[in-house]
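Residue numbers (my numbering), protein chains in the order written: chain W, 234 to 946; chain D, 234 to 946.
Glycine residues also receive a C-beta, built at the ideal position from the N, C-alpha and C atoms.
Number of protein chains: 2
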Amino acid sequence: MRKTFITMCFCLIGSLTFAQELRSPDSSFSLQFSVNDKGTPTYQLKYKGKSVIKTSKMGLELKDSISFQEGFAIADTKTSTFDETWKPVWGEVSQIRNHYNELAVTLDQKSTQRTIIIRFRLFNDGLGFRYEFPEQKNLNYFIIKEEKTQFALAGDHKTFWLPGDYDTQEYSTVTSDLSEIRGKMKAAVTPNSSQTTFSDTGVQTPLMMKSKDGLYINIHEAALIDYSCLSLELDDKNFILESVLTPDAIGNKGYMQAPTKTPWRTIIVSDKAAGILESKLVLNLNEPTKFKDTSWIKPVKYIGVWWEMITGKSNWAYSDLSSVQLGVTDFSKVTPSGKHAANTAHVKEYIDFASKHGFDAVLVEGWNVGWEDWFGKTKDYVFDFVTPYPDFDVKELHNYAKSKGVKMMMHHETSSSVRNYERHLDTAYKFMVENGYNSVKSGYVGNMIPRGEHHYGQWMNNHYLYAIEKAADYKIMVNAHEAVRPTGMSRTYPNLIGNESARGTEYEAFGGNNADHTTILPFTRLIGGPMDYTPGIFETKISAYNPENNSFVHSTLARQLALYVTMYSPLQMAGDLPETYNKFLDAFQFIKDVAVDWDDTKILEAEPGDYITIARKAKGTENWFIGSSCDENGRVSKINFNYLDPAKKYIATIYSDAKDAHYETNPQAYQIRKGLVTSKTKLSQYCAPGGGYAISVMEVKDSAVLKGLKAIK
Amino acid sequence: MRKTFITMCFCLIGSLTFAQELRSPDSSFSLQFSVNDKGTPTYQLKYKGKSVIKTSKMGLELKDSISFQEGFAIADTKTSTFDETWKPVWGEVSQIRNHYNELAVTLDQKSTQRTIIIRFRLFNDGLGFRYEFPEQKNLNYFIIKEEKTQFALAGDHKTFWLPGDYDTQEYSTVTSDLSEIRGKMKAAVTPNSSQTTFSDTGVQTPLMMKSKDGLYINIHEAALIDYSCLSLELDDKNFILESVLTPDAIGNKGYMQAPTKTPWRTIIVSDKAAGILESKLVLNLNEPTKFKDTSWIKPVKYIGVWWEMITGKSNWAYSDLSSVQLGVTDFSKVTPSGKHAANTAHVKEYIDFASKHGFDAVLVEGWNVGWEDWFGKTKDYVFDFVTPYPDFDVKELHNYAKSKGVKMMMHHETSSSVRNYERHLDTAYKFMVENGYNSVKSGYVGNMIPRGEHHYGQWMNNHYLYAIEKAADYKIMVNAHEAVRPTGMSRTYPNLIGNESARGTEYEAFGGNNADHTTILPFTRLIGGPMDYTPGIFETKISAYNPENNSFVHSTLARQLALYVTMYSPLQMAGDLPETYNKFLDAFQFIKDVAVDWDDTKILEAEPGDYITIARKAKGTENWFIGSSCDENGRVSKINFNYLDPAKKYIATIYSDAKDAHYETNPQAYQIRKGLVTSKTKLSQYCAPGGGYAISVMEVKDSAVLKGLKAIK
């Protein structure tokens, strides 16, 4: 069906180009689409008159078929506008506006008589576009050899990047200019139990950049469904990024059946760093949820039998056997090592602590048989997800937790043996329901089985979604570690309440994270969805738990509190051990008080790699929580409180670094002060190197509490 | 534990070898095992003084580890004898003697401090041996790069071989000397929807050979569990075969965790061709079944809505759509092509026919949505195994079949999308149970998904067994097509009642099988287990069903009857259409009468590639059935009846080729004669080219029936 379309004819010597233009609702962005003289689709993007993306080619290379790269002509264009506000089940804000202008270009490829559609949505915070393949006579099944989407950048931007990899995101972010990536790649690729780099100039998304003239630019994707994960290859002569998809075991990058579509490629742009953090573009490009009932999905604050194993203080495994066989090894006859943390009595201690301090759940890792030889053996039948070790009494702990008003949180480490996981999935989920578990942390550590597949290929992306969808049938919430990084799919599948899929707190025990790590992650990893960062480590020297481990957490204690605000997640762990929290109960109070679900969010200060300060309003309350994190330099944070209700008074409790605090030499030096704040208050707050602060701002309802309190200055 | 062992010391210049000898219970075989001067295990096998296997190396090549090939010394040997008789749940005979002498050699590899055991079992009909890897400190997980088991043959034997292939067995057997394999390989590799040859001199097992001095030799494997399928590579200068395992997607050939073992490598030898067919060695090397209740496992005689689609007369698919999406395409709105065979009314016709003629079940292919684009598209979500097409009424047909005393037989074509199959397996099996199906024909047509895996690798062998074991939980019998060829595992898993896993009757419609095909298969394919050969094609010209198909069945009608006896299977199909059988009800009577389970079997005549004549005693009766199949030359078969009870009289009905019958020009010329036989009867029976005969021999209980009958001559 061909509608009348608006064209702009440019007659150049020997060629004819028709350019389509689209503007964002506020006109700050302008997109130009055209087909060049080879019939290749191209686009360019400007923001407030500045070039963000120069003329960039689009298309896909197919296997055993003429590619979707040349020979196109515009057959039709349709423009439309969309403006709706929707409420997320959980989030940083209680409602989100989805407002864009859309251009859908229908392209006919004459030589093959095939048609594709490229759909552009231009928001006030950026661009999303995708390829669509309508149902048609001459296109049915096709195999993608490589996607050929370019992002021709306007300069040698400062970039916050991870080495491109088909199997891990657990690298420390490198901050450098684009031109320096090649030289820094080798050192950036630190060891991992499963890794597959693909290029000396390959990088992952979300990719965060800052141009020399102050534009903040973020490239990612949205709605990664039935497709291979996007990485980028940099042509570092011309500063052109090009899409690289994750291959399967035989080198193919996508199996498609028309009618179908790719995920959205997203480009968020702002002249303020805060604009990147505020953007809801990736969520907006995902489909609304079809879940009829979401009442069973609730944000979770939890503790867990976990950090003591990460540090090496205790073990996941029950015994010291080097090898076990599920269904064969009789664990009732096996000698326990005495270092198995997940035993009934010890778990009860965690339940007691959680109950006492108002936590929703207790995660327990190492509860099930198989941990003796789960790692690095490419073991197929590695776990069954239902058989506990002899010292973990499932029913007893179910009843005990229930009596204490606390939920047990399940752990499904798959060891990347995914056929095995899928074989047990229904049984495992049923087991959870029968035993009072409604949330699961899943993991995909190690090289993938089926062998040859990668963590981020179409095959595995299909699996991750399969596990999430099946979990929803059982009203189970999922937090998937080592899975593909999120792309806003929590809008469609709100039971996906978390992923790790980046270098998290555990790496503080594996050598440490950079002091500025958490000032970068919200601009990169968090753009697609929340991260189960599991902060709250108060004992930063790992040797305090395990004398053989000299790692230390590159953070002050005060900054650990801030992370509950700056690292948005509906799933928040107080990662450390109860015995440590018991030594710092005054600081721990912040973790107890901080909310995990929000009505509103204000980005007060932000510069990727340097600092982030955020204020959030706790859902259904008038209370606010503020967090600030900075890099290895330390700084003075200057914030205001003008988002508070001018008619109200609030008590602020400020947890901050002491003057002599330092993430390396004096991390536990913190101070707590309480005082009165109003919407007029302004605060200058010192942050130590690798430090920060956290503030709870509680509405005053009874003015009696104001007695003796002074105004915060 | 070291016991005293008997050694024979041979002191050679600079080396020391200890040879172990083992004899079969009747001493006809002698095995010699020794470790050569490199510390490589070797064995040799003699039969009645003739060399069958010359000195052959043994071992395994490992990945990233010192191989199990050299540096061994004998640490211990144990010999034992075993003699037991067991009853199979179904079979060619009612009881089987398992009688062997065993030698278990423990080998220490000094440089690695690792131990392996090679276990030999020598029967009166051949040898089986396997590698075992005991639980031990220095061996835990290891990866096999290649197994290095040699079979050094004593001459340039006549061989009946299939091109070695990791994905299909559907080639026509080639008969040639070993030295001719290389030259004939190219022509032998005919096209298949999934094929992966590996060598110009690679061949499959079971491999059948006949030495120039009249020894029949068969090489295969038994108990293929958690391992990769065995093929063989021929060194055609020295006539040494060496093991080749099927690789996975990344080229590895086996993932092992000690304690574990390989399958048995089997060598059956006889100076009579019949000795090969009579051997129960492969079954005997499999473990007894652990199934407590096998009463639900019953041999099946069935017909099916199948051949009419194979010939092209009708379709599996409901419509002519080129592409469908399960869960999306609304079949109630799709226009049917009018050629969909699996519709309720038509299936009822088959049920009526089955009921009228005493068949147990009706197979229906094409009943479920997805057939429009199931083939050759590498489609992941291709079938769901539970959603019928709009014209196939599951409940109606369940009730109708039940009322007629007939079972419905399920069809699960997986299209080799195996993750998809496993995801649906429980639901699919439950659906079967709920709707009265107790047997399923499964299929694995096309290249494997996960991509890069092969049909016969360890990965897929694990799947086939998973499907069989899960089926047993639901009391379902399995007949798996395109799966790995059987290796006697029906002893352990008696619900595996059939496989195709070779070139079957369907190929008669895809160009034809050689006229001698069925005189070879019992010596090759059937050595590991029964084949669902689906014979009984009476209308041999395919053009009678589909004018566009010029193929013809390379067999006379009479020989088609013989196949119910010569091609042993507990699962037997009358493959042709009811409307055709209705034209030949006199010949069809044999198919109605023939049993599918046996108390005894006699091989009357046999020569691989030339002829086979077998007599079998129907279980629990005094009746016998005889079948004879010959090659393109035709012949006169000469048999006796001395296995009949000398005190009884029998009526024999002989279905044979007419004098002018010919598989190509006059296939339907048959004659039927009835007469009296006793244990003294001798018969000379003409067989046409590509022909044969079938005889039912029914005990006479009421001598009144003898009136007017003459003795068969």
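Residue i, DSSP secondary structure in three states
{"i": "D/Gly941", "result": "coil"}
{"i": "D/Pro274", "result": "strand"}
{"i": "W/Gln822", "result": "helix"}
{"i": "W/Asn653", "result": "helix"}
{"i": "D/Gly808", "result": "coil"}
{"i": "D/Pro396", "result": "strand"}
{"i": "W/Pro755", "result": "helix"}
{"i": "D/Arg665", "result": "Reading off the sequence, residue 665 of chain D comes out as Met, not Arg. D/Met665: helix per DSSP, three-state reduction."}
{"i": "D/Glu541", "result": "helix"}
{"i": "W/Val869", "result": "strand"}
{"i": "D/Met441", "result": "strand"}
{"i": "D/Phe238", "result": "With a pLDDT of 43 at D/Phe238, under the threshold of 50, the modelled position of this residue cannot be trusted; read the value that follows with caution. In this structure, D/Phe238 counts as coil in the three-state DSSP scheme."}
{"i": "D/Lys343", "result": "coil"}
{"i": "W/Asn357", "result": "coil"}
{"i": "D/Lys589", "result": "helix"}
{"i": "W/Thr568", "result": "coil"}
{"i": "W/Met418", "result": "helix"}
{"i": "D/Leu249", "result": "Residue placement at D/Leu249 is flagged as unreliable, the pLDDT there being 35, under the threshold of 50; the coordinate-derived value follows with that caveat. D/Leu249: strand per DSSP, three-state reduction."}
{"i": "W/Gln793", "result": "helix"}
{"i": "W/Cys244", "result": "Caution is warranted here: a pLDDT of 41 is assigned to W/Cys244, below 50, making its placement in the model unreliable, and the coordinate value is therefore given only provisionally. Note: W/Cys244 maps to strand in three-state DSSP."}
{"i": "D/Glu294", "result": "strand"}
{"i": "D/Val502", "result": "strand"}
{"i": "W/Asn680", "result": "coil"}
Member of the options whose CA lies at the smallest distance from the CA of residue i
{"i": "W/Ile450", "options": "W/Tyr697, W/Ala851, W/Ile847 and W/Val285", "result": "W/Val285"}
{"i": "W/Ser298", "options": "W/Gly560, W/Ser788, W/Gln342 and W/Ala578", "result": "W/Gln342"}
{"i": "W/Leu920", "options": "W/Ser570, W/Lys443 and W/Asp749", "result": "Strictly speaking, residue 920 of chain W in this sequence is Cys, with Leu absent from that position. Comparing Cα-Cα distances from W/Cys920 to each of W/Ser570, W/Lys443 and W/Asp749, the minimum goes to W/Asp749."}
{"i": "D/Thr611", "options": "W/Tyr614, W/Lys513, W/Leu790 and W/Asn373", "result": "W/Asn373"}
{"i": "D/Asp585", "options": "D/Glu812, D/Met764 and D/Ser788", "result": "D/Glu812"}
{"i": "D/Ala252", "options": "D/Met489, D/Ser261 and D/Thr288", "result": "D/Thr288"}
{"i": "D/Asp309", "options": "D/His332, D/Trp323 and D/Leu336", "result": "D/Leu336"}
{"i": "D/Leu1018", "options": "D/Gly537, D/Arg498 and D/Asp259", "result": "Past the boundaries of the shown model lies residue 1018 of chain D; chain D is included only from 234 to 946, so the question cannot be answered."}
{"i": "W/Ser912", "options": "W/Arg758, W/Lys378, W/Lys881 and W/Ala937", "result": "W/Lys881"}
{"i": "W/Pro193", "options": "W/Asn747, W/Gly272, W/Ala807 and W/His714", "result": "Nothing in the structure corresponds to residue 193 of chain W, since chain W is present only between 234 and 946."}
{"i": "W/Glu865", "options": "W/Glu838, W/Lys915 and W/Val786", "result": "W/Val786"}
{"i": "W/Glu598", "options": "W/Leu559, W/Glu379 and W/Glu541", "result": "W/Glu541"}
{"i": "D/Tyr801", "options": "D/Ile760, D/Phe823 and D/Asp819", "result": "D/Ile760"}
Environment of residue i [buried if 16+ CB atoms lie within 10 Å]
{"i": "D/Trp529", "result": "exposed"}
{"i": "W/Pro683", "result": "buried"}
{"i": "D/Ala491", "result": "buried"}
{"i": "W/Gln328", "result": "exposed"}
{"i": "D/Asn815", "result": "exposed"}
{"i": "W/Phe315", "result": "exposed"}
{"i": "D/Val436", "result": "buried"}
{"i": "W/Thr318", "result": "exposed"}
Cβ pair residue i, residue j closer than 8 Å
{"i": "D/Tyr888", "j": "D/Tyr926", "result": "yes"}
{"i": "W/Asp624", "j": "W/Tyr551", "result": "yes"}
{"i": "W/Trp539", "j": "W/Leu630", "result": "no"}
{"i": "D/Phe305", "j": "D/Leu340", "result": "yes"}
{"i": "W/Met489", "j": "W/Phe592", "result": "no"}
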